[in-house]
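Reading through the structure tokens given below for one structure.
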Ligand code: GLP
């Protein structure tokens, strides 16, 4: 694993954008695995600005997102399809037909999961998977449990995730309690992984994921077994690692 330390959220976002740009420049027809949440917003903003300057071209890029809430329409402000359009796709020259997010409105959720698994197997898989991390160590919406979910599936959100994401909704009751998520096996099959971590409230998840045992109780800990993971974490997120290891880890 490679670790880049950033001073703060802005630096983390810029470094993350550097890494994604390098992927797009080296392989213009790459498949990016993309993530939602507040963490990658600054990175998407930076990518848009480099696109506007003419330094990046997304015309051949494909994207496959990690997850989507069950029951939200694509034009719902809280759906992850809306988030991706609003934070990236509407501002760069990616062909929307080449962008994929699970359909949370599918009548047959299992059929939708199967369709998504088919998509992941096509075209040689994901070149670079961008990830954020939940406060409980979840990636995508793979919540802590007794086993790792392998492929795309429908999961029940844990209370920790409901509490963390309720800020986007009018109330916890107004938010979906289920989501479709890419599974751990699919994430692990990505050729490279870029994990962005910012803020004190992620310090415990970051420490447990990479300085603790590999366990489904901390889903991101499985990333210790991937041979091409880059973490970009800011100082606040690294606080517990520094404290437990007794020195600033670089
Ligand atoms: C959601 C998403 C994850 C994301 C996590 C953290 O649960 N499904 O992909 O990593 O939130 O979000 P944030 O970056 O807002 O802390």
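Numbering (my numbering), first residue to last: -15 to 234.
Backbone N, C-alpha and C define an ideal beta-carbon position, used for all residues, glycine too.
Would residue i be called buried (16 or more neighbouring beta carbons within 10 Å of its own) or exposed?
i           : result
residue 197 : exposed
residue 7   : buried
residue 159 : buried
residue -7  : buried
residue 211 : exposed
residue 9   : exposed
residue 218 : buried
residue 156 : exposed
residue -11 : buried
residue 52  : buried
residue 63  : buried
residue 24  : buried
residue 22  : exposed
Sorted by chain position, which residues of the same chain lie with C-beta nearer than 6 Å to residue i's C-beta, five sequence neighbours on each side aside?
i           : result
residue -14 : 214
residue -3  : 26, 27, 30
residue 220 : 183, 184
residue 101 : 135, 136
residue 87  : 96
residue 77  : 42, 43
Taking 8 Å as the line, does the beta carbon of residue i fall inside it for any heavy atom of ligand 2?
i           : result
residue 233 : Inclusion of ligand 2 in the displayed structure is not the case, the ligand content consisting of ligand 1 alone.
If I measure Cβ to Cβ from residue i and keep anything under 8 Å in the same chain, skipping five residues before and after, which residues do I get?
i           : result
residue 132 : 126, 167, 168, 169, 200, 203, 206
residue 208 : -15, 193, 194, 198
residue 228 : 191, 195
residue 128 : 120, 121, 122, 142, 200, 201, 202, 203
CB-CB under 7 Å to residue i, same chain, minus the five flanking residues each way: which ones, in chain order?
i           : result
residue 59  : 66
residue 48  : 15, 17, 84, 103, 104, 110
residue 225 : 190, 191, 195, 233
residue 171 : 113, 123, 124
- Uninterrupted beta strand (DSSP E) stretches inside the stretch 66 to 117 (no shorter than 3 residues): You should have 112 to 115.
- Chain-ordered residues, beta carbon under 6 Å from a heavy atom of ligand 1: Taken from the N-terminal end onward, the list reads 19, 20, 21, 22, 23, 50, 51, 116, 117, 118, 124, 125, 145, 149.
- Query: If you scan the stretch 141 to 187 from start to end, which runs of the beta strand (DSSP E) of 3 or more residues do you find wholly inside it?
  - Reply: The DSSP assignment places 162 to 165, 176 to 181 as complete runs of the beta strand (DSSP E) inside the stretch 141 to 187, in order along the chain (cut-off: 3 residues).
- Message: Report the start-end ranges of each beta strand (DSSP E) in the stretch -15 to 49 that is 3 residues or longer and not cut off at the edges.
- Response: Within the stretch -15 to 49, the runs of beta strand (DSSP E) at least 3 residues long that lie entirely inside it are, in chain order, -14 to -10, 15 to 18, 46 to 49.
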